Structure formats: C-alpha cells, structure tokens
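If you're matching positions, the sequence shown starts at 134 in this note's numbering and goes up one per residue.
Quick notes on the structure that follows.
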Amino acid sequence: MGQNIGTCVTALISSIGVNKNARKVSVIHITFNLIGTLLFLCVIYGVNLLYPLEFLSDTISPLGIAISHSIFNIVTTAILFPFTKQLEKIANFVIRTESGSKKSSKAPVFLDERLLNTPSFAASECNNLTVKMARTAQDNILLALRMLQNYDKKQVEKVLKTENDLDTYEDRLGSFLVKLSGKELSDSDSRTTSKLLHCIGDLERIGDHAVNLVKSADEIHEKGISFSSEARKELTTLTKALEEILALTTEAFETDSVETAKKVEPLEQAIDFITSEIKSRHVRRLQNGECTIETGFILSDLLNNYERVSDHCSNIAVAIIELDHQSFGTHAYLNSIKSNENREFCRDYEYYVEKYALR
C-alpha cells in the first residue's frame, strides 16, 4: 500500500511549473491511490479482525509485491471507473480557476516547456497540434460558408469563438517554435519547424476570413439582402471550388503529400479566374438594373474573402513543396510552375477552370 502512496511524489514533482490542467491530472492520480489504499486497508484489516490472516506477518517476495500491486491497480480501477466525474470534481475543487479570470480556451494547445529538452519529440508534437489547427481552420470556414445560405446566430457565435481558439494556436505554437528553432535539431526536424513557422500564420488568417464571412452573413440577414438567381448559382460554384482547395490543403499538410500540394496552386489560379468572371458578370447585371449597389458591396466583400482564403491555401501548399525541395523561395517557385512550360500545372488549371465553369 505504501508504494502506491510513494509514487504520488513523482506526479507532484512533475506538476511543478505546468498549467492547471496538468496539475489537475496529478491531483486525480493522488486521489485515486489514496482512495484505493484506504479501501484495501479497510478490507484487509476488517477481514483480519474476523479471520486472522497469517500472511500479513510474513516477508513478501518480489513476485508477491508485483502480484499485489497489479491486483491493487486492477481492483481500484474497476471500483473507481464509474466515479470519473466525481474525481474530476475533486481535482477542480483542489485546483481552482481564479474567479475573475476568463475561462480558458478549449483549443487543445498544451506545450510543456520541458519538451524542449527533447527537440525531436517537441517537433512532432508541434506538427500534431498544427494539423489540428489546420482542421479547425477548415471546419470554421465551412461553417461560415453555410451561414451565408442558412443563417444561425448560435453557429455564428461558434465561428467567432473558434477564431479565438485559432489565435491561441498561433500564439502558443509560434512562441514555442521560435524557442525550438534555437535548439540543436536534426535536418528533418529543422525542416518541419520551418514549415510550421511558415504555415501557422496562414492558418490563422484563414480563420480571420471565416469571421469576415459571418459578418457578411450578419449583414445579409439583418438587411434582408437577396442576390439574384444568377449570382447565387455563381457563388454556389465558387463555394464548391473553395471547399475543394481547403480539403486539398488540409490533406496535403496532414500527410506531407507533395503530389496533393501541387494541385492547390492550379485550383487557386482557377478560383482567381472564376472570381474575376463573377465580378464582370455582376457589373453587367448592375448596368442592366438586375442588381443593386448594396448587393454589389456585399458580393465584392465575399469574393475578396474567397480569394484571400485560396491565397493562404496556396502559401501553405508552396511551403510543403519547398520543404520537400529543402528551400523556401516562394516567388521563384510560383513563377516557375505558372510558366507555359509546366505542363502539369497547365493541365490541372484547365481541368479546374472547366470543372467550375460558370454556366
């Protein structure tokens, strides 16, 4: 029983200098062992009072220690498993959140400074968190796009809250990666760190554009603005293209797939072309009196945000490709792939222009 209490010291030492959630874990560990020890002592000595247990006075062997320790953990886990919520309440009671402080962000961005002592593990953990950031940014844009069609105030608030989470991702990851880049890193970890530093800003900016989109959705809802049927069809087509470029970018980032990343820039250029075409069509509708200036302002804001999101997707894809080439020369790379000599780019560009052609 004593060794189970003794192991709690390790948890207490490990909780020094970490955030409140980590300290709560150590409290749960201590509580678990204390309750288990009390239960076993009550049972053993209760039984001993009725039926003396001769083995209590014997010297226990190493095998006996291992067996008794295993039995203790298995039985205690089985008993306390239904009471996980109560254990959580105990931890929250012991480690309290300051009454005047804001609730912490639910963004799972926990980076212990001690990870810097093992740079390879730290780089891997940063990459995992940035993948989560990429998924969060993608989901937030998709939710914002849905608000343009089916407005929901609660969902709009969710978009705004998620943007705060993305800000937290960028702030904590950025600070940690700068510290990590000053450590002795392997070539692979160094390239990964460089890629992440290049990408987190673009991911955060994608989140900003989600906020811009829901602001436009707010205005459309409050003012009762309605686009013409032609404009709605055009926006639907452009939205599908934007959804695809977000999916490609997230997949390329998550899997480090250069082949997937190479599809992003042709689609980004196609989105620019489609956006320009929509603007030209709107001017013609405006001249014919089919649209109003007010809807024109909203449409212009939407198109600008669509373009900027695709631009940030392009930046991320280029970073992935250049990481594979072990160089970061964005402008030179973009100029090379857009040249007429790059058949792969031209083929993919023509494919996307045709796929998302305005009818």
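Every residue gets a Cβ at the ideal spot worked out from N, C-alpha and C, and that includes glycine.
These numbers were taken from a predicted model, which means no experiment stands behind them.
_What does the alpha-carbon distance come out to for the pair Ser390 and Ile453?_
8 Å
_CA-to-CA distance, Leu379 to Asn345, given in whole angstroms_ = 17 Å
*How about Tyr501 and Pro399: do their beta carbons lie closer than 8 Å?*
Absent from the structure is residue 501, since the part of the chain shown begins at 134 and ends at 492.
*By the 10 Å Cβ neighbour count, where 16 or more other Cβ atoms means buried, how is Val167 classified, buried or exposed?*
Note that residue 167 is Leu in the sequence shown, not Val. Burial call: exposed.
_C-alpha gap between Ile207 and Phe165, whole angstroms_ = 12 Å
*Determine the direct distance from the alpha carbon of Glu487 to that of Glu355, and round the result to whole angstroms.*
36 Å
*asked:* Quick check on Leu172: does DSSP put it in helix, strand or coil?
replied: helix
*By how many angstroms is the C-alpha of Gln282 removed from the C-alpha of Thr393?*
30 Å
*Looking at Leu220 and Ile161, is the spacing between their C-beta atoms short of 8 Å?*
yes
*asked:* Tell me which residues share the same chain as Leu293 and place their Cβ nearer than 8 Å to its Cβ, disregarding the 5 neighbours each side in the sequence.
replied: Val344 and Val347
*Leaving out five residues on either side along the sequence, give the residues of the same chain with a beta carbon under 6 Å from the beta carbon of Ser232.*
Legend: pLDDT at Ser232 = 46, less than 50; position of this residue unreliable, value from coordinates given subsequently. Correct list: empty, nothing qualifies.
_At the level of alpha carbons, what is the spacing between Ser495 and Val180?_
Because the chain in this structure spans residues 134 to 492, residue 495 falls outside the shown range and cannot be described.
_C-beta contact flag for Glu337 and Asp300 at 8 Å_ = yes
*What's the C-alpha gap between Lys316 and Pro252?*
7 Å
_Count Cβ pairs between the stretch 364-374 and the stretch 303-315 that sit closer than 8 Å; are there 3 or more?_
no
*So, using beta-carbon positions, are Thr388 and Gln271 closer together than 8 Å?*
no
*Residue burial classification, Asn250 (beta-carbon count within 10 angstroms, cutoff 16)*: exposed
*Nearest-angstrom Cα separation, counted from Asp444 out to Ala450*: 10 Å
*Who are the near neighbours of Gly429 in its chain, counting only those whose CB is closer than 7 Å to its CB and skipping five residues on each side?*
His415 and Leu419
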